[in-house]
Every structure is written in C-alpha cells, then in structure tokens.
RNA sequence: CGGGAUGUAGCGCAGCUUGGUAGCGCACUUCGUUCGGGACGAAGGGGCCGCAGGUUCGAAUCCUGUCAUCCCGACCA
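In the working numbering, the protein residues as written are 23 to 632.
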C-alpha cells in the first residue's frame with residue numbers, strides 16, 4: 023500500500039473534542055472520525071487494526087472450540103420481556119435503543135445477545151449429548167450510553183466479541199469459564215497489552231462469578247484494587263478488605279448528648295473527641311423498581327466507612343419482592359422527596375438505627391417499612407455513638423440490643439462498605455491493597471441458569487428429565503481494545519502500536535521521492551517486504567522528509583525503513599518506532615535483520631508463535 | 001437527568017465587552033525556490049458566524065428560545 027492512495031489525513035493540532043491521549047491521537051492520526059455523539063467512522067487505517075484484533079480473537083476463540091456465528095442486531099421486545107430485562111433496559115437505564123416497526127411491534131437494537139442466543143439454544147439444544155457448546159460473534163453493539171465519551175472508549179455503537187456457552191452441569195460451565203479465562207489472557211497478551219484479571223460485579227447481566235480484564239492506564243474509568251503479591255485483584259465495586267480496627271468507646275450507660283449544629287461525623291468527632299470508628303452513621307435512601315412501589319432503605323455504616331453503592335444495589339435486588347421487576351435506581355431521601363410523599367421532614371444529621379417505620383406512615387407511593395441493612399463494621403460495634411433521631415441530639419454508649427430490643431428490628435448485617443487503597447487484604451492481612459486505574463476490555467461471567475430458566479431453554483439430561491441449561495457469557499470490547507492499546511502505547515510524537523495489531527508493520531520512507539535512486543530502492547524494498555509477507559507501506563508522497571517522519575511517528579507504524587542520502591551506496595536506516603532506536607544497514611540485509619524481529623513481535627507479549 | 005463550558009472555513013483559534021456586514025495559523029490549489037524531523041515566497045479558492053425568533057437604519061456582536069458538542073456525576077465491552 024502507498025500512503026498517497028491511503029486517504030490519509032493527519033491533523034497537526036489536537037481536536038478540541040478530545041480529552042485523553044488515545045482519543046486525540048486516533049483523531050490526529052486519521053484513524054477515526056466522529057459522526058455523532060458516541061458514533062464513529064472507523065477509517066481504513068483503524069479498520070486494519072480492528073481486523074487484526076478480530077483475527078487474534080477468532081484464532082483464540084476457535085482454539086477453545088467455540089463456533090463463530092452472527093446474530094441479528096434488531097431484536098423483538100418479546101424476547102427481552104421474557105427475560106425480564108426489557109423494562110430495565112428501556113425505561114430504567116434506558117440503555118437500549120428501541121423502536122416500533124410498521125406493525126407497531128416493539129423492537130430493540132441489541133446491546134447484548136443473551137436473549138437471542140438463549141432462544142436459539144432452547145430451539146436447537148435438546149440433549150446433553152450436544153453439550154457443551156460455545157458460540158461467539160464479532161459484531162456491532164448498540165447502547166444508548168448516558169454519557170458517551172473518550173472516543174471509542176465509551177461509544178453508543180461499538181464492536182464487541184461476545185460468546186455464550188451452554189452446559190449440562192455447573193462443573194462443565196466452570197471448565198469453559200476457565201478455558202475462556204486462559205483464552206482471554208492469550209488474546210490480550212497477543213495484542214501486546216498489559217492486562218490484569220480482576221474480580222468484578224456482574225452488573226445488569228446477572229449471574230454469579232465474573233471477572234474483568236483491565237488494561238492498566240491512567241485514563242481508565244475503573245478503579246481496581248490489587249494486593250501487593252498479585253494474588254488478589256478486584257474492581258473497587260466488588261473489592262473486599264479488612265477494615266481498620268475500631269477504637270473502643272469508653273463503656274457507659276447510654277446517654278443523650280446535645281450536639282447543636284453538629285450534623286457531620288467530622289464535626290461531631292472534632293467537638294466531642296470521638297473517633298469516626300465509634301460512630302454508626304445512618305443513610306436513608308429509596309430504591310425504585312420497575313414493577314413495585316419504591317422501597318425506603320435504612321443503611322448503617324461505621325462512621326469511617328464509605329458505602330459501596332454496587333454492593334447495596336445487589337443486596338436490595340436480592341431482597342426485592344417476587345415480581346418487583348428490575349431495580350431502577352437508588353437515591354438518597356431528601357426532605358423534598360419526603361414532602362412529595364406527604365411525609366414529615368427528618369433530622370438527617372442526627373438519625374440513628376432506631377429510626378421508627380412510623381416516619382413512613384401514610385407515604386403516598388412508598389412501602390411503609392424500611393428495608394434495614396448494615397455493614398458488618400457497624401453491627402460489630404458493641405457500644406457506639408449515633409443520632410437520637412431528634413435534631414441536635416445524639417446518643418453515646420448506644421448498643422444494638424438497647425436501641426432495638428427485638429432481634430427482628432435489627433438490620434441485616436452484610437458487606438456494604440467500599441474497600442479502600444491501603445486496606446489490609448483478606449487473604450493475607452500483612453498485604454495492603456494498591457489502587458490502579460484500568461480500562462475494561464473484557465468481562466467473563468458464569469451466568470448460571472438465569473436466562474435459560476426465564477426463556478425455558480432446557481435439555482434432556484442423562485436420566486431423561488428436562489433441565490435448564492447452564493450458561494456462561496464472555497465479552498471483549500474490540501473497538502475499545504484498539505483505543506486502550508493506544509492509551510497504553512504512545513508517546514509525545516504519536517502512537518506506538520504493538521506490531522501484532524499495527525495497521526502496517528513497516529513503513530518505507532524515501533527521504534526524497536524525486537531522487538530516482540531513492541525512489542527505485544524504496545520501491546524494490548516495498549516489493550521485497552510484501553513478497554516476504556510483511557504488511558508494508560510506502561510513503562510515496564512528494565512531501566519533505568520531515569513531514570513524512572512526523573506522520574510515520576504519529577500513525578505509529580512499528581518499523582520505519584528510511585531510504586535517504588546513502589541509497590546510492592545501497593545503505594538504508596531501520597528505525598524502531600518504540601524507543602526510536604536507529605541502525606544503519608545495507609538494503610540487501612533488511613529482511614535478514616527485520617524478519618526475525620517481526621516474527622517475535624507478531625506474538626505480542628506471548629513471546630512465542632501462537 | 002443534575003452541575004459546568006463551548007458553537008465563527010476541513011482542524012486550531014481571534015473578533016463579541018464598546019453593533020457598521022469576518023480575520024489569523026495550519027490544511028487545500030497554482031507557480032517558483034527549497035529538500036533528513038511538520039520549509040519559504042508569491043498568487044488563489046473556501047464561511048447563510050449552530051438554528052429560529054426578537055431589538056435595531058444595521059446583529060457574529062445585544063435579548064429570547066432551541067439544537068448540538070465537550071467536561072464532572074449515575075451506566076458499561
């Protein structure tokens with residue numbers, strides 16, 4: 023390929039719309055163009071990158087025995103209603119683009135394909151003899167993101183590889199899950215990416231175990247916590263840790279304490295000398311459901327701890343009444359919300375766990391009882407400070423037994439706190455958690471039987487009885503991965519693609535194309551490289567050398583062959599993009615020098631041929 | 001959706017406060033000189049100033065509305 027024929031348009035200035043390096047570089051390098059918010063055209067250079075990534079993904083997926091397929095993007099609402107996700111995906115988070123056809127049937131553009139694939143499985147998979155089976159596709163997904171940003175990082179239309187596995191038993195599911203874990207590690211390594219696998223929340227997809235693959239980069243949207251020894255890693259949404267020990271409260275009979283104007287834990291501690299670990303703080307929130315009245319929540323945490331909203335949402339969903347539908351959102355209760363329900367205001371700065379359900383009596387649309395939950399750091403306290411449920415009054419020396427004499431009034435104790443960097447690890451208390459930022463490029467789930475049960479996807483087992491299929495699902499954000507690679511591999515001058523996913527492996531740059539000698543040598547090198555199976559590009563533009571060098575750096579081709587002054591002597595220069603090392607060599611020696619390096623580099627971080 | 005900002009040529013920006021009919025750099029076209037790290041000179045082409053109302057003799061500029069884009073929060077590959 024020749025640069026003059028490549029429709030290459032590079033930009034000298036950073037476009038104002040881009041914030042992070044990878045986004046700026048993809049725009050400047052002529053890889054992408056924005057068509058609308060969160061919707062991008064993949065220009066020819068990027069398409070080559072995407073195809074290389076897809077090639078690696080295909081090879082590794084095929085190696086696990088998975089079958090490639092292609093499912094419809096336009097999906098009937100009915101399927102989603104049967105799985106119970108239609109409301110959550112359209113009304114609640116509204117992430118699904120949906121529309122009506124001329125018959126006024128509801129349709130959605132697939133944000134994911136569990137429903138379709140499960141319906142197919144129900145149709146096709148009848149016997150345990152057909153199992154296990156895995157299917158995958160590489161396809162455009164649609165999600166009406168609340169806030170698309172950072173280019174391909176969070177688009178509304180993006181390319182994803184999604185795979186689904188079906189099993190006759192949980193053990194078989196676990197085997198496929200482990201095989202996918204390995205395949206994923208190979209995929210990211212082959213793409214030249216440093217990625218870490220971390221425990222993750224399963225989110226809206228549901229299911230039990232799940233693991234995310236994070237490309238470590240400062241611009242990452244996720245906070246991940248890992249132990250120093252590398253044996254534990256988790257998304258902060260999911261991470262667990264040992265809390266710092268509480269400072270014991272001087273035992274005393276429970277007493278009221280006047281605390282005028284002290285509404286925050288910080289103020290309370292400063293004025294009265296308490297430690298935050300001696301305080302039980304109370305958060306009141308309300309959970310909205312798709313098909314049930316809103317549920318007020320009363321959540322207790324130890325004063326020094328922060329609420330992990332993901333853990334809370336999971337706990338609330340798990341306790342929702344049958345038929346309540348999807349949990350749509352959890353919001354703090356404010357006096358405005360109370361007024362809208364026809365309820366009296368609450369003294370927010372001095373609430374205690376003993377807050378009576380009576381405050382909800384007569385609510386217009388809410389349930390009239392709190393769902394009471396507490397983090398174990400709070401329930402572990404034997405004596406504590408908390409609000410007295412009256413303005414400017416707190417209780418000192420309170421205890422769960424005294425405040426709530428009936429055990430069934432007490433909150434359920436569970437893990438609701440957000441693990442923090444610096445916390446001690448569960449598996450080894452002498453280890454502490456370290457924080458890093460990551461870009462989620464892959465996520466694997468053990469779904470279990472959630473979808474197969476909802477969609478009645480059953481098979482006949484060995485004993486001859488009907489059983490719901492066990493399922494796993496496995497995603498890779500292909501277009502996001504391309505940008506994550508740029509985020510992890512760039513410098514001041516531009517992109518430094520890992521060779522295995524670079525749009526071209528080598529760019530031949532004649533310093534002066536007008537010089538017939540240089541032109542001739544460059545042309546013959548191009549032919550030689552192409553004949554040797556190298557993805558080579560020739561910059562045949564009649565630009566000055568500086569312009570061509572700058573562009574080559576910007577678009578990030580791993581190797582540059584410069585044909586210049588010494589072309590007359592058959593001498594050329596070989597420059598490695600990453601690190602800029604330069605060596606002079608005879609043109610005749612190019613393949614001999616370059617091919618072994620390319621062979622190694624094509625394996626990415628795997629270090630050996632795939 | 002809440003909070004913040006910005007819309008002027010393909011890209012980056014100035015002009016707006018103090019209304020008088022649009023400018024700079026890059027990119028593009030032609031010619032010449034240059035030619036190993038985004039050259040120089042000359043000549044050119046390209047903009048209903050996001051859109052719609054209003055105020056005014058006159059609006060990129062003032063007012064109202066609207067749309068779009070970006071940033072911070074909730075969502076996710």
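Ideal placement from N, C-alpha and C gives every residue a C-beta, glycine not left out. None of these values were measured; they are calculated from a predicted model.
Query                                                                                                                                 : Result
Opening and closing residue of the beta strand (DSSP E) in which residue 8 lies                                                       : With the chain represented from 23 up to 632, any question about residue 8 goes unanswered, as that position is not in the structure.
Segment contact flag, the region 120–129 with the region 475–483, C-beta cutoff 8 Å, min 3 pairs                                      : no
Endpoints, the alpha helix (DSSP H) within which residue 388 is located                                                               : Element bounds for residue 388: n/a, residue is neither H nor E.
Anticipated Cβ contact below 8 Å, residue 529 with residue 579, distance rounded                                                      : 4 Å
Cross-strand partners of residue 54 (DSSP beta bridge)                                                                                : 64
3-residue-minimum beta strand (DSSP E) runs that sit fully inside the region 291–332, ordered along the chain                         : 302–311 and 317–324
Span of the alpha helix (DSSP H) around residue 152                                                                                   : That residue, residue 152, is in no alpha helix (DSSP H); it is neither H nor E in DSSP.
The region 398–406 touching the region 282–294, judged by at least three CB pairs closer than 8 Å                                     : no
Residue 423 - DSSP class collapsed to helix/strand/coil                                                                               : helix
8 Å CB neighbourhood of residue 30 in its chain, flanking five on each side removed                                                   : 52, 67, 573 and 577
Paired residues, beta bridge with residue 183 - DSSP                                                                                  : 160 and 498
Separation of residue 270 from residue 411, as counted between CA atoms                                                               : 23 Å
Continuous alpha helix (DSSP H) stretch holding residue 637: start and end                                                            : For the chain, the structure presents residues 23 to 632; residue 637 sits outside this window and is missing.
Enclosing alpha helix (DSSP H) for residue 528 [first to last residue]                                                                : From DSSP, residue 528 is part of no alpha helix (DSSP H) but of the beta strand (DSSP E) over 528–532.
Helix, strand or coil at residue 483 according to DSSP, with G and I counted as helix                                                 : coil
Residues near residue 36 by beta carbon distance below 7 Å, same chain, minus five either side                                        : 46 and 50
Boundaries of the alpha helix (DSSP H) in which residue 568 is found, first to last residue                                           : 567–577
Contacts around residue 18, its chain only, beta-carbon distance under 8 Å, and the 5 residues preceding and following it disregarded : Nothing in the structure corresponds to residue 18, since the chain is present only between 23 and 632.
Which listed residue (327, 429, 532 and 60) has its alpha carbon closest to that of residue 173                                       : 60
First and last residue of the uninterrupted beta strand (DSSP E) at residue 257                                                       : 255–257
Neighbourhood of residue 215 by C-beta distance below 8 Å, restricted to the same chain and skipping five residues each side          : 237, 463, 503, 506, 507, 510, 520, 626 and 627
The region 252–272 touching the region 434–450, judged by at least three CB pairs closer than 8 Å                                     : yes
Start-end ranges of the alpha helix (DSSP H) lying completely within the region 503–548, minimum 4 residues                           : none
Helix, strand or coil at residue 353 [DSSP, three-state]                                                                              : strand
Beta-bridge pairing of residue 626 - partner residues as DSSP gives them                                                              : DSSP output for residue 626 lists no bridge partner at all.
Supposed close pair residue 309, residue 352 - CB separation, criterion 8 Å                                                           : 5 Å
Residue 447 versus residue 399: straight-line alpha-carbon distance, rounded                                                          : 15 Å
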